[in-house]
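Visitor: Protein chains in written order, with our numbering: chain D, 274 to 470; chain X, 47 to 241; chain B, 1365 to 1768.
Built from N, CA and C at the ideal position, the CB exists for glycine as well.
Just so you know, these numbers come straight off a predicted model, no measurement behind them.
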Amino acid sequence: MSKALIDIIKQKFPADVLESHSQRGDDTVVVYAARWKDIARFLKDDPRADMSMLIDLTAVDYPERTPRFEVVAHLYSLSKGHRLRLKARVGDQAGTSVEIDSVADLWASANWAERECWDMFGVRFKGHPDLRRILLYPEFEGHPLRKDYPADRIQPLVPYREVPNVDKVAPFRADEGMSFGRQTFASGPSTDDDDVN
Amino acid sequence: MGALKETSPDVLATGAGEGFVTTKFNDLLAWAQKYSLFMYPFVTACCGMEFMAVSSPRYDFSRFGSEAPRFSPRQSDLLWVVGTIVQRQAPILRRIYEQLAEPKWVLAFGTCASCGGFYDNYACVAGVDKIIPCDIYVPGCPPRPEAVLDGLMLLQDKIQRGDRRPAIVKPRADPAQDQSLGLVQLRRSSTRPAV
Amino acid sequence: MEPIDQELDPAEIELPAEPMLLNVGPAHPAMHGTVRIVMELSGESIERCDVQVGYLHRGFEKMCERGTWTQVFPYVDRCNYVSPMLNNVGFALACEKMLGITVPERCQWYRMALGELARMSDHLTCDGAMAMELGAFTPFLWMIKGREMIWDLMEEETGARLTHSFGRVGGMAHPPTAGFKENAKAVTTHILGIIEEVERLLLGNRIFLDRLEGVGVVSAEDAISLGWTGPCLRACGVAYDVRKSHPYLRYDEVEFEVPVGQAGDSFDRFMVRIAELKQSASIVRQCIERMADTGPVNVTDPRVILPPKEEVYSTIEGTIQHFKIVMEGLKLPAGEVYAYSEGGNGEMGFYLVSDGSGTPYRLRIRPPCFYVTGGLERVITGAMMADVVPSFGSLNMIGGECDR
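1. Quick one: is Ser160 (chain X) near chain B, going by C-beta distance under 7 Å?
2. Does DSSP put Ser1406 (chain B) in a helix, in a strand, or in coil?
3. Does the pairing of the region 1523–1533 of chain B with the region 1575–1593 of chain B give three or more beta-carbon distances under 8 Å?
4. Going by beta carbon distance, what residues of the same chain come within less than 6 Å of Arg446 (chain D), once the five residues before and after it are set aside?
5. Could you tell me the alpha carbon to alpha carbon distance between Leu278 (chain D) and His355 (chain D), rounded to whole angstroms?
6. Which residues does DSSP list as the beta-bridge partners of Asn1387 (chain B)?
7. Could you tell me the alpha carbon to alpha carbon distance between Lys1673 (chain B) and Gln206 (chain X), rounded to whole angstroms?
8. Count the other CB atoms within 10 Å of the CB of Arg1442 (chain B); is the residue buried (16 or more) or exposed (fewer)?
9. Which value, in whole angstroms, describes the spacing of the CA atoms of Arg218 (chain X) and Met1384 (chain B)?
10. Are the beta-carbon atoms of Leu218 (chain D) and Gly1591 (chain B) separated by less than 7 Å?
11. For Lys369 (chain D), count neighbouring C-beta atoms within 10 Å of its own C-beta (all shown protein chains included) and say buried if the count is 16 or more, exposed if not.
12. Report the residue from B:Phe1714, B:Phe1734, B:Ala1645, B:Glu1425 whose alpha carbon sits nearest the alpha carbon of Cys1459 (chain B).
13. Which whole-angstrom value describes the C-beta separation of Arg358 (chain D) and Asp318 (chain D), a residue pair presumed to lie in contact below a C-beta threshold of 8 Å?
14. Checking contacts by CB at 7 Å: is Gly1531 (chain B) closer than that to chain X?
15. Using a Cβ cut-off of 7 Å (strictly closer), state whether Pro185 (chain X) contacts chain B.
16. From this set, B:Ala1599, B:Gln1650, B:Thr1541, which residue's C-alpha is nearest Gly1625 (chain B)'s C-alpha?
17. Kindly list, in the order they appear in chain B, the residues whose Cβ is closer than 8 Å to that of Tyr168 (chain X).
18. For chain X, check one thing: does any of its Cβ atoms lie closer than 7 Å to the Cβ of Pro1393 (chain B)?
19. List the residues of chain X whose Cβ lies closer than 9 Å to the Cβ of Pro417 (chain D), in chain order.
20. For the region 281–304 of chain D, enumerate the residues whose C-beta is nearer than 7 Å to any C-beta of chain B, in chain order.
21. By the three-class DSSP mapping on this structure, what secondary structure does Glu292 (chain D) have?
22. Starting from the beta carbon of Arg405 (chain D), find every residue of chain X whose beta carbon is closer than 7 Å, and list them in chain order.
23. Would you report the Cα separation of Gly1499 (chain B) and Lys80 (chain X), rounded to the nearest angstrom?
24. Whole angstroms are fine: how far does the CA of Val1736 (chain B) sit from the CA of Asp1491 (chain B)?
25. Find the nearest neighbour of Leu430 (chain D) within the set X:Asp175, X:Phe164, X:Pro137, X:Ala169, judged by alpha-carbon distance.
26. Please classify Met1484 (chain B): is it buried, with 16 or more other beta-carbons within 10 angstroms of its beta-carbon, or exposed?
27. Counting contacts by CB-CB distance shorter than 7 Å, is Gln133 (chain X) in contact with chain D?
28. Does Ile1558 (chain B) come within less than 7 Å of chain X when only Cβ atoms are used?
29. Quick check for students: name the residue ranges of the beta strand (DSSP E) that lie wholly in the region 1398–1462 of chain B, counting only runs of 3 or more.
30. Which residues in the same chain as Ala443 (chain D) place their Cβ atom closer than 8 Å to its Cβ, once the five residues preceding and following it in sequence are excluded?
31. Applying the criterion that 16 or more other CB atoms from any shown protein chain within 10 Å of the CB defines a buried residue, is Gly1568 (chain B) buried or exposed?
32. Measuring alpha carbon to alpha carbon, tell me which residue in B:His1421, B:Val1663, B:Ala1703 is nearest Ile407 (chain D).
33. Could you have a look at Ile214 (chain X) and say whether DSSP puts it in helix, strand or coil?
34. Straight-line CA distance for Arg405 (chain D) to Trp385 (chain D)?
35. Anything in chain X within Cβ reach of Val1668 (chain B), meaning under 7 Å, just list it in chain order.
36. Indicate whether Pro188 (chain X) and Gly163 (chain X) have their beta-carbon atoms separated by less than 7 Å.
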């Protein structure tokens, strides 16, 4: 939780750090989206930082802000044990041009994480080897984790069956599922250990 | 055998219908079917863990004749839909159902398969019966193995009666808690202390 | 040779050169999770493959944005559904980090004990299923027997065998029952006995060893780059365990070892889990020894915890507190936090973004097995078809966690 990591970044990229904080012990820096990859590469290669693992990469949608989306990466160093949250803000209000560099060649875990970000938020990662949907199907239109996608808008692949009055028998009939002993129409209502065959 | 009923021409032609021998034969066939239900476990989610528990020695559905899970739909008659069906999985479920040979039954294992559960969102299908017809609904999240066995027995009754109406397994009280029944007292720890 | 072939020069007889496309579809017998692997096979070896997940994407993160913070607990339960208590505890820890509160000591021991029991259930299931897929059905049944004992205990404590929803922000839903300690001790004893029997049965078996050793090898650098954590990473030789490296709850006060493998193959992943089972049993015993028999389990912070029913019905403060927490949801201060704990598959992280109201603004679950499954392509490419089953089984992909 030391601020040393933030200081290293500020020293190397003085013009590119927009904000930083350590709320609740989590070191966080917000950087310019255009320098995303350079800063990520620096954090991976520089021996003082040595961020060997990209623990997570995701995005958050703030529709009332511009830029609208915030791409959030959590980095971790196995050798040093320190963590960093790296953020960048991208995207226009409409959400049509949301782009940032891909870090999939730096950390292999970014491959799927960025695909999920694309799937859920529509953030396009430039240079990603295979940017396609991962959790949803290719026929799905839209990006569900955006705040303007209604949670219950379904896009079924198989049209739902139209079955008028699906005659689901209520679970209260006397001859079904009674405690102890099964009954059938043949034997009539309840005697215990009445067996069909 | 009762009064002679009006017999329709095609029944006379094919010989099918309510003859004594055919009814007994149907009973025999139904008996054979219900005690040899080969299942296709279409397992997706958390209910799969309870499915593993039901198949394990303690609860063991194979004593109901439902012995081996057959991982080919062609060889099964009972499709167990275990767990949530999401929109992406729906075409696969439909295809598996279509591949099962008649006579086939469907058991919706768990609340997600019965009615979608608490996933009222873009991703999930609100119940398997939106895609395929379903015979038995076993609610629970996940259902207790006893509820599943209840569902299986309910299905067996239905097969015997030739009843294709869907049914829901209803909750039951645990008989072990009822002292008046004089069952073996199971080991239970003493009541919880007050907070 | 067929008569027609005898006329041809052997050099001219060609078998079709294009690789065969095989779809190991989403409905397949390995009872781990629904995943679709589209493979290009040349004979038995896999030249390329595409692992497609998402067949259990249930939209957790979107659903969590519609309720309160406490209503998230059932959702996180269904993430890693073989060790649900670890998810509950992890999420509760995340909310508590955001609030800046610490639960009482008795609750910490309780959480640790239940969490380690859940971890044992996870490893029993994974290893049992792996053995079953290789043809060893008996160890699977024995391990499920052990798992049933754990689930019985969980049922006593929480009311549900599998998806308990037992954690709460600021404590647990109920205090431990009177018989918890002796039950836990009995359960761990039985399970250690079962593991011993399983080891005797499996570890001398030539077939079992040949199918696992040297299969699905992943180097430590690859694993780190792929974001692997948990038993899969430890099998590659990297001793990273959140409980040791960044202790939370009281993990720094109990003694346990972190088993580390060497070869990074499926056998090491199997054995790491077996060893972790034994370590977890030991942790459970230490926790129940140190856990007090009386004392509060929940914090008394009125912003967070529902007051006891007597107070709700008799004092105005109790009524107001109850009302506010139930109707508006407990309020986490605005901001963001990332809290992590050791889930069944590795570092399970929760990135919470709060806007100060009772509804989560964004809840990101960092699923350990999403990243582990992301490495599956690298693991099986070049391997043979039959190696997919043990490799995939040893990764322990849980669909609920991977796809959320």
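Guide: The structure says:
1. Counting from 1 along the second sequence, the entry for residue 160 (chain X) is found at position 114. Chain B, which has no Cβ nearer than 7 Å to the Cβ of Ser160 (chain X), makes this no.
2. On the third sequence, residue 1406 (chain B) is found 42 positions in, with the first residue counted as 1. Correct three-state label for Ser1406 (chain B): strand.
3. no
4. As a working mapping, residue 446 (chain D) is identified with position 173 in the first sequence. Residue confidence is low: Arg446 (chain D) scores 45 on pLDDT, short of 50, so the model does not pin down where it sits. Its coordinate-derived value is still stated next. No residues qualify anywhere along the chain.
5. The residue labelled residue 278 (chain D) in the question sits at position 5 within the first sequence. The residue labelled residue 355 (chain D) in the question sits at position 82 within the first sequence. Distance between the alpha carbons of Leu278 (chain D) and His355 (chain D): 8 Å.
6. By 1-based counting over the third sequence, the position of residue 1387 (chain B) is 23. According to DSSP, Asn1387 (chain B) bridges with B:Val1402.
7. Your numbering for residue 1673 (chain B) matches position 309 in the third sequence. Your numbering for residue 206 (chain X) matches position 160 in the second sequence. Lys1673 (chain B) and Gln206 (chain X): Cα-Cα distance of roughly 51 Å.
8. The count along the third sequence starts at 1 and reaches residue 1442 (chain B) at position 78. Per the 10 Å Cβ criterion, buried.
9. Numbered from its first residue, the second sequence carries residue 218 (chain X) at position 172. Numbered from its first residue, the third sequence carries residue 1384 (chain B) at position 20. Between Arg218 (chain X) and Met1384 (chain B), the C-alpha separation is close to 52 Å.
10. Chain D is shown only over 274 to 470; residue 218 (chain D) falls outside these bounds and no answer can be derived.
11. By 1-based counting over the first sequence, the position of residue 369 (chain D) is 96. As written in the sequence, residue 369 (chain D) is Thr, which differs from the Lys given in the question. Under this definition Thr369 (chain D) is an exposed residue.
12. The residue you call residue 1459 (chain B) lines up with position 95 of the third sequence. The candidate whose alpha carbon is nearest that of Cys1459 (chain B) is B:Phe1714.
13. Stepping through the first sequence from its first residue, residue 358 (chain D) is reached at position 85. Stepping through the first sequence from its first residue, residue 318 (chain D) is reached at position 45. Contact flag wrong, Cβ pair sits at about 19 Å.
14. Your numbering for residue 1531 (chain B) matches position 167 in the third sequence. Gly1531 (chain B) does not count as touching chain X.
15. Stepping through the second sequence from its first residue, residue 185 (chain X) is reached at position 139. No - not a single Cβ of chain B is within 7 Å of the one on Pro185 (chain X).
16. Stepping through the third sequence from its first residue, residue 1625 (chain B) is reached at position 261. Selected option, being the one with the closest Cα: B:Ala1599.
17. Within the second sequence, numbered from 1, the residue matching residue 168 (chain X) stands at position 122. Residues of chain B passing the Cβ test: Gly1423, Lys1426.
18. The sequence position of residue 1393 (chain B) within the third sequence is 29, counting from 1. So yes, Pro1393 (chain B) belongs to the interface.
19. Counting from 1 along the first sequence, the entry for residue 417 (chain D) is found at position 144. Correct list: Asn167, Tyr168, Ala169.
20. Gln296, Arg297, Asp299
21. The residue you call residue 292 (chain D) lines up with position 19 of the first sequence. The answer is strand: DSSP assigns Glu292 (chain D) an E or B state.
22. Taking the first residue of the first sequence as position 1, residue 405 (chain D) is located at position 132. Here the premise fails: no neighbours, minimum Cβ distance about 14 Å.
23. As a first step, residue 1499 (chain B) is located in the third sequence; it is residue number 135 there, counting from the start. As a first step, residue 80 (chain X) is located in the second sequence; it is residue number 34 there, counting from the start. Cα to Cα, Gly1499 (chain B) sits roughly 29 Å from Lys80 (chain X).
24. In the third sequence, the residue the question calls residue 1491 (chain B) occupies position 127. In the third sequence, the residue the question calls residue 1736 (chain B) occupies position 372. Those two C-alpha atoms are separated by around 17 Å.
25. Working through the first sequence from its first residue, we reach residue 430 (chain D) at position 157. Comparing Cα-Cα distances from Leu430 (chain D) to each of X:Asp175, X:Phe164, X:Pro137, X:Ala169, the minimum goes to X:Pro137.
26. Taking the third sequence and counting its residues from 1, the one referred to as residue 1484 (chain B) is at position 120. Met1484 (chain B) should be labelled buried.
27. Here residue 133 (chain X) corresponds to residue number 87 of the second sequence, with the count starting at 1. Closer than 7 Å to some Cβ of chain D, the Cβ of Gln133 (chain X) qualifies, so yes.
28. Numbered from 1 along the third sequence, position 194 holds the residue referred to as residue 1558 (chain B). No, Ile1558 (chain B) lies away from the interface with chain X (no Cβ there is under 7 Å from its Cβ).
29. 1400–1406, 1409–1416
30. Looking up residue 443 (chain D) in the first sequence gives position 170. Any reading at Ala443 (chain D) needs caution, since the residue's pLDDT is 45, under 50, leaving its predicted position unreliable; the model's value is listed next. Closer than 8 Å at the Cβ level, and outside the excluded window around Ala443 (chain D), lies no residue.
31. In the third sequence, residue 1568 (chain B) corresponds to position 204, counting from 1. With fewer than 16 other Cβ atoms within 10 Å, it is exposed.
32. Taking the first sequence and counting its residues from 1, the one referred to as residue 407 (chain D) is at position 134. With distances taken between Cα atoms, Ile407 (chain D) lies closest to B:His1421.
33. If you number the second sequence from 1, residue 214 (chain X) lands on position 168. Residue state, collapsed to three classes: strand.
34. Position 132 of the first sequence, counted from the start, is the residue given in the question as residue 405 (chain D). Position 112 of the first sequence, counted from the start, is the residue given in the question as residue 385 (chain D). For Arg405 (chain D) and Trp385 (chain D), the distance between alpha carbons rounds to 10 Å.
35. Position 304 of the third sequence, counted from the start, is the residue given in the question as residue 1668 (chain B). Under the 7 Å cutoff, chain X gives no residues; its nearest Cβ is about 15 Å from Val1668 (chain B).
36. Within the second sequence, numbered from 1, the residue matching residue 188 (chain X) stands at position 142. Within the second sequence, numbered from 1, the residue matching residue 163 (chain X) stands at position 117. Going by C-beta atoms, Pro188 (chain X) is not nearer than 7 Å to Gly163 (chain X).
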